[in-house]
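J.: Take this structure first; my questions come after.
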Amino acid sequence: MKKYWRIFKVLFRNAIIRDLKIRGMIASWLLFELVGIIVTIVFFRAIFVNTPSLGGWSFYQVLFLYVFAEFIVQIYSATFKVGIRNIATNHIKKGDLDFYLIKPVDTMSLVALSNPRPYKLIPATFYFVLSVYCLIQSGLSVNLANVFWFIFLALDGIVLYTILIYLTVIPAFWLVRVWSLKDIASRINQFMRYPAGIFPRSLKIAFFIAFPILATSYIPAVTLFEPPKLIYIIYMVLVTFVFYVLLLVVWKLGEKHYASASS
Amino acid sequence: MSIITASNIGKKFYKSKYSILKPLNFGKEEIVAVKDLSIKIEEGEFVGFLGPNGAGKTTFLKILAGIIHPTSGSAKVMGQVPWEREYEYLSKMAIVMGQKNQLWWDLPAIDSFLMLKEIYSIPEKRYKENLDQIVEVLSMQKILTKRLRNMSLGERMKCELAASFLHDPKVIFLDEPTIGLDVVSSQAIRAFLKKINRDKKCTFILTSHYLGDIEELCERVVIINFGEKIYDGPLSKLKGKYAPEKIVKIRLDELEQRKKFAALSVVNKRIQEKRGIIRVDKGQIGKLAREIFDTFLPEDITITDPDTEEIISKIFNEQKNDLR
Amino acid sequence: MGKYWASFKTAFRGESAYKLDMLIAVGVNIAFFFVFFYVWQAVYSNGGVTQINAYTLSNTITYYFITSIIFRLDPSAAIYLNWEVWDGSFTNELVRPYSAKLIYMVYALATMLLQVIMNLPFIVIMLIFARSYIIFPSLEMFGFFLVSLLLSALLYLAINMLLHSLSLRFGDQDANILLFNYIIAFLAGGIIPLNFLPTGAYNFLNLLPFKALFFVPCNVFLQKMATAQIYESWLQSVFWIAIFFGLYYFVFQNGLKRYAGTGR
Numbered sequence: 203m204k205k206y207w208r209i210f211k212v213l214f215r216n217a218i219i220r221d222l223k224i225r226g227m228i229a230s231w232l233l234f235e236l237v238g239i240i241v242t243i244v245f246f247r248a249i250f251v252n253t254p255s256l257g258g259w260s261f262y263q264v265l266f267l268y269v270f271a272e273f274i275v276q277i278y279s280a281t282f283k284v285g286i287r288n289i290a291t292n293h294i295k296k297g298d299l300d301f302y303l304i305k306p307v308d309t310m311s312l313v314a315l316s317n318p319r320p321y322k323l324i325p326a327t328f329y330f331v332l333s334v335y336c337l338i339q340s341g342l343s344v345n346l347a348n349v350f351w352f353i354f355l356a357l358d359g360i361v362l363y364t365i366l367i368y369l370t371v372i373p374a375f376w377l378v379r380v381w382s383l384k385d386i387a388s389r390i391n392q393f394m395r396y397p398a399g400i401f402p403r404s405l406k407i408a409f410f411i412a413f414p415i416l417a418t419s420y421i422p423a424v425t426l427f428e429p430p431k432l433i434y435i436i437y438m439v440l441v442t443f444v445f446y447v448l449l450l451v452v453w454k455l456g457e458k459h460y461a462s463a464s465s
Numbered sequence: 071m072s073i074i075t076a077s078n079i080g081k082k083f084y085k086s087k088y089s090i091l092k093p094l095n096f097g098k099e100e101i102v103a104v105k106d107l108s109i110k111i112e113e114g115e116f117v118g119f120l121g122p123n124g125a126g127k128t129t130f131l132k133i134l135a136g137i138i139h140p141t142s143g144s145a146k147v148m149g150q151v152p153w154e155r156e157y158e159y160l161s162k163m164a165i166v167m168g169q170k171n172q173l174w175w176d177l178p179a180i181d182s183f184l185m186l187k188e189i190y191s192i193p194e195k196r197y198k199e200n201l202d203q204i205v206e207v208l209s210m211q212k213i214l215t216k217r218l219r220n221m222s223l224g225e226r227m228k229c230e231l232a233a234s235f236l237h238d239p240k241v242i243f244l245d246e247p248t249i250g251l252d253v254v255s256s257q258a259i260r261a262f263l264k265k266i267n268r269d270k271k272c273t274f275i276l277t278s279h280y281l282g283d284i285e286e287l288c289e290r291v292v293i294i295n296f297g298e299k300i301y302d303g304p305l306s307k308l309k310g311k312y313a314p315e316k317i318v319k320i321r322l323d324e325l326e327q328r329k330k331f332a333a334l335s336v337v338n339k340r341i342q343e344k345r346g347i348i349r350v351d352k353g354q355i356g357k358l359a360r361e362i363f364d365t366f367l368p369e370d371i372t373i374t375d376p377d378t379e380e381i382i383s384k385i386f387n388e389q390k391n392d393l394r
Numbered sequence: 261m262g263k264y265w266a267s268f269k270t271a272f273r274g275e276s277a278y279k280l281d282m283l284i285a286v287g288v289n290i291a292f293f294f295v296f297f298y299v300w301q302a303v304y305s306n307g308g309v310t311q312i313n314a315y316t317l318s319n320t321i322t323y324y325f326i327t328s329i330i331f332r333l334d335p336s337a338a339i340y341l342n343w344e345v346w347d348g349s350f351t352n353e354l355v356r357p358y359s360a361k362l363i364y365m366v367y368a369l370a371t372m373l374l375q376v377i378m379n380l381p382f383i384v385i386m387l388i389f390a391r392s393y394i395i396f397p398s399l400e401m402f403g404f405f406l407v408s409l410l411l412s413a414l415l416y417l418a419i420n421m422l423l424h425s426l427s428l429r430f431g432d433q434d435a436n437i438l439l440f441n442y443i444i445a446f447l448a449g450g451i452i453p454l455n456f457l458p459t460g461a462y463n464f465l466n467l468l469p470f471k472a473l474f475f476v477p478c479n480v481f482l483q484k485m486a487t488a489q490i491y492e493s494w495l496q497s498v499f500w501i502a503i504f505f506g507l508y509y510f511v512f513q514n515g516l517k518r519y520a521g522t523g524r
């Protein structure tokens, strides 16, 4: 663990130095996030003019869920996104995975850690602040138990999200030329931004069990708004474990199939 | 016990025949990259792998490095099965690929080295000693703080080599390490590799299209073509066995010289761009030498062994059975 | 003309070598349609409303169905000008005996056409899924819709060509292109129908040229525009297409003087 932390520190430090040199581009990306949240607020305002609730949730609860889901995505983007995405775009297609495979560390972890984007922590912070604001405005009473379990499940949600996105790029071992695997993540995460109550049963089964993207944001949020339920906590831990094992198995199969594009 | 043993290693790749015009065609085309390749390499050897493009050299190298799994056969490197990629094995091997970078593109070289120090858990003292030694031998002082993307190809290769030796590997795989480098850089790298091989008794496996690398570094060569081994032995024996001849070149600037050349009693001779070229068996060279030194000026005469490149090309074009 | 047609065919063939790529890229975007479908279904049922600003649930679902199709005409992913200026391969187009300004549009049109073809199975999927909600117009209105769609595609192309050409003058515009396309999509009614916004906002956005990208074609399909209004919007579209292409030409010419031909 310490070894991976030290590796990450070196990469993170250098990523900050790199990001400071492309301030203009980063400013554009941050503006993009800001515009995104403004558009989202306008969108939800337009919806809530016509309905008191969405999937049983109030305006501030829905907005909280949206920004919390974005917070998870930004944390993932700041740490693992580019590294994992490179599996689908470069590592397998160009054979760059070779050097990760021959290092005496866990290849999956090294690849994931290889390209942090620290500037994404800025919008993450913004989403965090906004989510606190939404929580206060919602008027719901939140006690320590809610907060504790929320933090626990939020961390679990980030881990689960990372595992699920990793699973979407692993087919690159077999579909070598398919770049668009990297885009699956940003489309699928649309579902985690809205209350699960609006989706039909079939979709809930699909996105809570078969590919539990809804669980990453919804379960932690529910734990904040309602008394924490043991069943949710067990479910989250179990589903994270199951999908982690699945990821390991599929990765091993992929490694065996890896053909290493010629130099 | 040999440090590397490989028995009947085979590797096949499969290409799908599916196309949008033939949507029901789920067949696969089989491509044999490596076929029943067996080899034993002792500790401290410097072995060169030769073969034309697509021969299977790099594929075989990657199997021994543990990057890809073979379709058949078995191998052990330092007592471990490479493709199981045990950390113990990975900590003692290294691979350098001339056309790929293992170092981080956006990081200064020294930071990449620090990363590798953490990855390989190299003790601080050993890291410093190795780094200082490598930096001195490769004259890398000025480029340590440069980012990889700002380096020339030669500088990048030096850094790649340096990175591969920080953790004192016992087995090093080199896949075309001097490709695209100028003469000075190539020579520096060869000198470095020779020194490491001598001082640390590391085992090297080198693939290269530059015969200069092979001739200078490798005592033993393995020639691979169409995925099969067609020769395995000393380079000198290869020349002796396959091209037991000498080449005599004579400068023929004047018409008179050309007439004398035409009158020589040798059969296998030709004129090419004001040079007469004679190929003669080694056994006959003494007799021929007397004749040509009597006829021409010594400064116009050159006697050499056949070009290694020429021999290798000949081998690639011949039946492999001749050399077994 | 022959060389542009040859380039169009080559670009089309080149892009179609990555069919699976494109299929996945087009396919995953269907997620947006499903999400908006369920969101608006919940809004209408939770709110107990039958209409929002004269839009029934069917109108709203149909609106998003059409915007999903128009988003697939998005040329920002079909134009490589920004990327090629950045990596230096733009030089290849400058040394060939044709107009570099025109050739990137030709390439983009080829890719956009392929995107439309690749989108067809997903249009069918969306139709089957939301069949009880989607309202089809009359044949005449469908004809008007196709013309509006074509003008929308051209306007979208013109705006993006202009954004991409800024890279010649100001460097990599990747982030800005994404940002502006996002803003434009909102201003054009691609994210929410413009008449769902407050009246003041709606009136302001109605003055901008971007409504022709999404709002106008959707409303033509929904038969919510009179014929005179449709003709007026076409004239406005043609006007703005000319303006944006003109700006593109000017910025491109100017940018060429600064182009240094360096790669990454």
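Protein chains in written order, with the numbering used here: chain A, 203 to 465; chain B, 71 to 394; chain C, 261 to 524.
Backbone N, C-alpha and C fix where the C-beta goes; we use that ideal spot for every residue, glycine too.
Bear in mind the structure is a predicted one, so any value in this text is a computation, not a measurement.
When the Cα atoms are used, what is the spatial distance from residue 246 of chain B to residue 363 of chain C?
T.: Looking at the two C-alpha atoms, the distance is approximately 40 Å.
J.: Buried or exposed for residue 466 of chain A, please, with buried defined as at least 16 other CB atoms from any protein chain shown within 10 angstroms of its CB.
T.: Outside the shown range of chain A, which is 203 to 465, sits residue 466 of chain A, and nothing can be said about it.
J.: Whether or not the segment 290-306 of chain A and the segment 318-336 of chain A are in contact is what I'm after, with contact meaning three or more pairs of Cβ atoms, one per stretch, closer than 8 Å; do they touch?
T.: Not touching, per the Cβ criterion.
J.: Below 7 Å on C-beta distance, what does residue 220 of chain A contact in chain B?
T.: Under the 7 Å cutoff, chain B gives 176.
J.: Report back the beta-carbon spacing between residue 352 of chain A and residue 426 of chain A to the nearest angstrom; my notes put them in contact at under 8 Å.
T.: The Cβ separation is near 4 Å, so the contact holds.
J.: When you check each C-beta in the segment 127-151 of chain B against every C-beta of chain A, which residues fall closer than 9 Å?
T.: Answer in chain order: 128, 129, 132, 135, 136, 137, 138 and 139.
J.: Which of the residues in the segment 440-470 of chain C, read from start to end, lie with their CB under 7 Å from any CB of chain A?
T.: Here the close residues are 442, 443, 446, 451, 452, 456 and 457.
J.: Taking C-alpha atoms, which residue in B:160, B:353, B:344 and B:115 lies nearest to residue 288 of chain B?
T.: Closest option to residue 288 of chain B, Cα to Cα, is B:115.
J.: Applying a beta-carbon distance threshold of less than 7 Å, which residues of chain A neighbour residue 160 of chain B?
T.: Chain A residues near residue 160 of chain B: 304, 305 and 306.
J.: Beta carbons nearer than 7 Å to chain A: which residues of the segment 304-319 of chain C have them?
T.: Those would be 306, 307, 309 and 312, in chain order.
J.: With 9 Å set as the bound, which would you pick, yes or no: does the beta-carbon of residue 184 of chain B sit closer than that to a beta-carbon of chain A?
T.: True, the Cβ-Cβ gap to chain A drops below 9 Å.
J.: Specify the secondary structure class of residue 320 of chain A as computed by DSSP and reduced to three states.
T.: The answer is helix: DSSP assigns residue 320 of chain A an H, G or I state.
J.: Looking at chain A, is there any beta carbon in it that lies within less than 9 Å of the beta carbon of residue 389 of chain C?
T.: It does not; no Cβ of chain A falls within 9 Å.
J.: On the CB-based measure, 16 or more other CB atoms within 10 Å of its CB, does residue 413 of chain C come out buried or exposed?
T.: Buried, by the Cβ-count rule.
J.: Specify whether the segment 307-314 of chain C and the segment 399-417 of chain C touch according to this definition: at least 3 beta carbon pairs, one from each stretch, less than 8 Å apart.
T.: Flag = no, the segment 307-314 of chain C and the segment 399-417 of chain C do not touch.
J.: Can you give the Cα-Cα distance for residue 495 of chain C and residue 171 of chain B, rounded to whole angstroms?
T.: One C-alpha to the other measures close to 56 Å.
J.: Does any residue of chain B have a CB that is nearer than 9 Å to the CB of residue 212 of chain A?
T.: Yes, its Cβ sits closer than 9 Å to a Cβ of chain B.
J.: Quick one: measure Cβ to Cβ for residue 140 of chain B and residue 80 of chain B, integer angstroms, because I've assumed they're closer than 8 Å.
T.: Confirmed, about 6 Å.
J.: Is residue 276 of chain B buried or exposed, if buried means 16 or more other CB atoms sit within 10 Å of its CB?
T.: Under this definition residue 276 of chain B is a buried residue.
J.: Please tell me whether residue 465 of chain A has its Cβ less than 9 Å away from any Cβ of chain B.
T.: For residue 465 of chain A, the pLDDT reaches just 48, beneath the cut-off of 50, and the residue's location in the model is therefore unreliable, although a value from the coordinates is still provided. Residue 465 of chain A counts as touching chain B.
J.: So what does DSSP say about residue 378 of chain A, is it helix, strand or coil?
T.: Coil at residue 378 of chain A, not helix or strand.
J.: Measuring alpha carbon to alpha carbon, tell me which residue in C:372, C:292 and C:288 is nearest residue 271 of chain C.
T.: When only C-alpha atoms are compared, the closest one is C:372.
J.: Measuring CB to CB, does residue 422 of chain C end up less than 9 Å from residue 324 of chain C?
T.: No. Outside cutoff.
J.: Please list, in chain order, the chain A residues whose beta carbon lies closer than 7 Å to that of residue 432 of chain C.
T.: The contacting residues are 227.
J.: Going by CA-CA distance only, name the one from C:351, C:354 and C:415 that's closest to residue 368 of chain C.
T.: When only C-alpha atoms are compared, the closest one is C:415.
J.: By DSSP, does residue 295 of chain B sit in helix, in strand, or in coil?
T.: Strand, per DSSP.
J.: So, helix, strand or coil for residue 110 of chain B, using DSSP?
T.: Correct three-state label for residue 110 of chain B: strand.
J.: Decide if residue 343 of chain B is buried, meaning its Cβ has at least 16 other Cβ atoms within 10 Å, or exposed.
T.: Label assigned to residue 343 of chain B: exposed.
J.: What does the alpha-carbon distance come out to for the pair residue 208 of chain A and residue 217 of chain A?
T.: Roughly 14 Å separates the two Cα atoms.
J.: Helix, strand or coil for residue 256 of chain A, going by three-state DSSP, please let me know.
T.: It is a strand residue.
J.: If we cut at 9 Å on Cβ distances, does residue 545 of chain C have a partner in chain A?
T.: Here chain C covers residues 261 to 524 and nothing more, so residue 545 of chain C does not appear.
J.: With 16 other CB atoms within 10 Å as the buried threshold, where does residue 239 of chain C fall?
T.: Not covered by the structure: residue 239 of chain C. The range shown for chain C is 261 to 524.
J.: Roughly how many whole angstroms lie between the Cα atoms of residue 105 of chain B and residue 299 of chain B?
T.: Going by the C-alpha atoms only, they are around 8 Å apart.
J.: Check whether the segment 193-203 of chain B touches the segment 149-166 of chain B, taking contact to mean three or more Cβ pairs, one atom from each stretch, closer than 8 Å.
T.: Output reads no: the segment 149-166 of chain B does not touch the segment 193-203 of chain B.
J.: What do you reckon, are the CB atoms on residue 75 of chain B and residue 109 of chain B nearer than 9 Å?
T.: Yes, the Cβ-Cβ distance between residue 75 of chain B and residue 109 of chain B is below 9 Å.
J.: Pull up the distance between the alpha-carbon of residue 252 of chain A and that of residue 244 of chain A, whole angstroms please.
T.: Looking at the two C-alpha atoms, the distance is approximately 13 Å.
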